[in-house]
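What follows is a set of notes on a single structure, which appears directly below.
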Amino acid sequence: MRIGVLLSGILIVLHDLMGFWTLLEGFLLFANALAILNEDRFLARRGWTLAEMTGPQRNSLKGQVIGLIYACQFLRLPLILFNVITIIVKLFSG
Numbered sequence: 001m002r003i004g005v006l007l008s009g010i011l012i013v014l015h016d017l018m019g020f021w022t023l024l025e026g027f028l029l030f031a032n033a034l035a036i037l038n039e040d041r042f043l044a045r046r047g048w049t050l051a052e053m054t055g056p057q058r059n060s061l062k063g064q065v066i067g068l069i070y071a072c073q074f075l076r077l078p079l080i081l082f083n084v085i086t087i088i089v090k091l092f093s094g
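Yeah, the sequence shown ends on 94 if you go by the UniProt record's numbering, and it's all consecutive.
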């Protein structure tokens with residue numbers, strides 16, 4: 001019973017912060033899009049592999065974007081957890 005009360009309280013707070021929740025969902029979808037990019041099929045053809053970014057190139061905008069892509073790919077398990085949490089919240093809040 002206490003879990004239901006806690007969950008309903010969380011849903012009320014999330015409903016009040018719907019703009020913030022929508023922003024978080026957008027970031028989650030963006031992270032999902034970066035995480036599914038295949039290195040062999042997509043990134044290597046365009047020269048966007050981490051091996052090609054050495055020295056001062058790593059500090060460029062292209063190097064930072066490549067680092068972000070590889071960070072999203074490395075953190076797939078937490079990303080799956082965040083997706084599951086988002087799905088559960090969406091199921092209960094509508």
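For every residue, glycine included, the Cβ atom is placed at its ideal position computed from N, Cα and C. As the structure is a computational prediction, the values presented were derived from the model and not from experiment.
Would you give the residue range spanned by the alpha helix (DSSP H) that residue i belongs to?
i	result
Asn83	76-93
Can you tell me whether residue i is buried or exposed? The criterion is at least 16 other CB atoms within 10 Å of its CB, across all chains shown.
i	result
Ile66	buried
Ala31	buried
Ile69	buried
Counting contacts by CB-CB distance shorter than 9 Å, is residue i in contact with chain D?
i	result
Trp48	Absence of chain D from the displayed structure is noted, only one protein chain being present.
Excluding sequence positions up to five away, which residues of its chain have a Cβ less than 6 Å from the Cβ of residue i?
i	result
Gln73	Ala35
Got a sec? Which residues, its chain only, sit under 7 Å from residue i by beta carbon, not counting five neighbours each side?
i	result
residue 102	Residue 102 is absent from the model: the chain starts at 1 and stops at 94.
Enumerate in chain order the residues of its own chain whose CB-to-CB distance from residue i is below 8 Å, with the five nearest sequence positions on each side excluded.
i	result
Leu37	Leu43, Ile69, Gln73
Problem set entry | Cβ contact check for the segment 21-28 and the segment 75-87: 3 or more pairs under 8 Å | yes
For this session: Jot down the residue ranges of each uninterrupted alpha helix (DSSP H) in the segment 12-69, minimum 4 residues, whole runs only, in chain order.
Result: Taken in chain order, the unbroken stretches of alpha helix (DSSP H) that lie wholly in the segment 12-69 and span 4 residues or more are 18-35.
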